[in-house]
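Trainee: To start, I am sharing the structure in question, which I have written as structure tokens.
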Amino acid sequence: MTAAACSHTVTGTAQRAQSDPADPNRSYGYVDDRCGLLVDSTVQEILGADNVVRPYSGAVCQYVLSRKTQPEPGPDEGQESGAGPAMIDVVFSWFETGTLQREREVAEQREATITDTVIERQQAFLARRDVTGAACSATAAAGSGVLSWWVQFRGKQDGDPCKDAEKLLSRTLQSEL
Numbered sequence: 001m002t003a004a005a006c007s008h009t010v011t012g013t014a015q016r017a018q019s020d021p022a023d024p025n026r027s028y029g030y031v032d033d034r035c036g037l038l039v040d041s042t043v044q045e046i047l048g049a050d051n052v053v054r055p056y057s058g059a060v061c062q063y064v065l066s067r068k069t070q071p072e073p074g075p076d077e078g079q080e081s082g083a084g085p086a087m088i089d090v091v092f093s094w095f096e097t098g099t100l101q102r103e104r105e106v107a108e109q110r111e112a113t114i115t116d117t118v119i120e121r122q123q124a125f126l127a128r129r130d131v132t133g134a135a136c137s138a139t140a141a142a143g144s145g146v147l148s149w150w151v152q153f154r155g156k157q158d159g160d161p162c163k164d165a166e167k168l169l170s171r172t173l174q175s176e177l
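Okay, here's the thing in structure tokens:
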């Protein structure tokens, strides 16, 4: 018995499947004492911080968080030097009519290291730029615009702020589902 087969070549480039866009009428700004759909205690929990202060809220929300650090050995044996808490600066922004491409261009102009990624089924990118501390933003299109969470470990050049920025963006996008 012989079976006939056929083949067909398709031209083009395979594209990753994308989820439906988020609700274009969704407000991600400061609503009901939340920024990016997250309350302060959620931001604190995600970042493992001991304290959180939000000095500014609106389409851009600013946070200052602190984590207790392990004491560092002092110059004399058995003595500890006060390392103090590790300070973390966080900014959430929602540009209601922004585009992912525009935000990428801005990050490139600032000489950030760009990494493409997918967060909660949304095209996104991470932009790492360590100037006054290890810093990274995670940005994705959402609703009619663009969401971004930026995290900086103040005065430190080590650590992975991209991981924390990605966690915050993921939680915001999960809140949308």
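Letter by letter, the sequence shown follows residues 1 to 177 of the UniProt record's numbering.
Every residue gets a Cβ at the ideal spot worked out from N, C-alpha and C, and that includes glycine.
State the start and end residues of the unbroken alpha helix (DSSP H) segment that holds Ala124.
Mentor: Looking up residue 124 in the sequence shown gives position 124. From DSSP, Ala124 is part of no alpha helix (DSSP H) but of the beta strand (DSSP E) over 122–128.
Trainee: Where does the unbroken beta strand (DSSP E) through Asp33 begin, and where does it stop?
Mentor: As a working mapping, residue 33 is identified with position 33 in the sequence shown. First-last for Asp33: undefined, no H or E at that position.
Trainee: Can you confirm whether the region 121–130 touches the region 63–70 when touching is taken to mean that 3 or more C-beta pairs between the two stretches lie within less than 8 angstroms?
Mentor: No contact exists between the region 63–70 and the region 121–130.
Trainee: Confirm, please, whether the CB-CB distance from Arg154 to Asp50 is below 7 angstroms.
Mentor: Translated into positions along the sequence shown, residue 50 becomes position 50. Translated into positions along the sequence shown, residue 154 becomes position 154. No.
Trainee: Our contact map puts residue 184 next to Tyr28 with C-beta atoms below 8 angstroms; I'd like the distance itself, whole angstroms only.
Mentor: Look at the range of the chain in this structure, 1 to 177, and you will see that residue 184 is not part of it.
Trainee: Hey, how far is the Cα of Arg102 from the Cα of Glu166?
Mentor: Start at 1 with the first residue of the sequence shown, and residue 102 comes out as number 102. Start at 1 with the first residue of the sequence shown, and residue 166 comes out as number 166. So the two alpha carbons sit approximately 19 angstroms from each other.
Trainee: With distance defined between alpha-carbon atoms, name the residue in Lys156, Met87, Leu47 nearest to Ser66.
Mentor: One-based indexing of the sequence shown puts residue 66 at position 66. Of the candidates Lys156, Met87, Leu47, the one whose C-alpha sits nearest the C-alpha of Ser66 is Met87.
Trainee: Within its chain, find whatever has a CB closer than 6 angstroms to the CB of Leu37; leave out the 5 residues flanking it on each side and keep chain order.
Mentor: In the sequence shown, residue 37 corresponds to position 37, counting from 1. For Leu37, where only same-chain residues beyond five positions count, the Cβ hits under 6 angstroms are Thr172, Ser175.
Trainee: To the nearest whole angstrom, what separates the beta carbons of Asp158 and Ala134, a pair I think is in contact under 8 angstroms?
Mentor: Locating residue 158 in the sequence shown gives position 158, where the first residue counts as 1. Locating residue 134 in the sequence shown gives position 134, where the first residue counts as 1. Yes, Asp158 and Ala134 are in contact; Cβ-Cβ is about 6 angstroms, under 8 angstroms.
Trainee: Compare the beta carbon distance of Ser93 and Ser170 with 7 angstroms and say whether it is the shorter of the two.
Mentor: One-based indexing of the sequence shown puts residue 93 at position 93. One-based indexing of the sequence shown puts residue 170 at position 170. Against a cut-off of 7 angstroms, the Cβ pair of Ser170 and Ser93 comes out as no contact.
Trainee: According to the Cβ coordinates, are Leu168 and Ile46 closer than 7 angstroms?
Mentor: The count along the sequence shown starts at 1 and reaches residue 168 at position 168. The count along the sequence shown starts at 1 and reaches residue 46 at position 46. Closer than 7 angstroms, so yes.
Trainee: For Thr42, report the span of its alpha helix (DSSP H) as first-last.
Mentor: Position 42 of the sequence shown, counted from the start, is the residue given in the question as residue 42. From DSSP, the alpha helix (DSSP H) with Thr42 extends over 40–47.
Trainee: If residue 237 and Arg110 are in contact, beta carbons under 8 angstroms, what's the gap, nearest whole angstrom?
Mentor: This structure cannot speak to residue 237, because the chain is shown only from 1 to 177.
Trainee: Suppose you measure from the CA of Gln79 to the CA of Asp116; what does that come to, to the nearest Å?
Mentor: Counted from its first residue, the sequence shown places residue 79 at position 79. Counted from its first residue, the sequence shown places residue 116 at position 116. Reliability of the predicted coordinates at Gln79 is poor, the pLDDT of 46 falling under 50, and the value obtained from them is presented with this limitation in mind. Each residue's Cα considered, the two are about 46 angstroms apart.
Trainee: Helix, strand or coil, according to DSSP, for Arg102 in the structure here?
Mentor: As a position in the sequence shown, residue 102 is number 102, starting the count at 1. If DSSP states are grouped into helix, strand and coil, Arg102 belongs with the helices.
Trainee: Measure the Cβ-Cβ separation of Val146 and Leu100 and say whether it is below 7 angstroms.
Mentor: On the sequence shown, residue 146 is found 146 positions in, with the first residue counted as 1. On the sequence shown, residue 100 is found 100 positions in, with the first residue counted as 1. It is a contact, given that the beta carbons lie within the stated cut-off.
Trainee: Can you tell me where the beta strand (DSSP E) with Tyr63 in it begins and where it stops?
Mentor: Taking the first residue of the sequence shown as 1, we reach residue 63 at position 63. From DSSP, the beta strand (DSSP E) with Tyr63 extends over 60–67.
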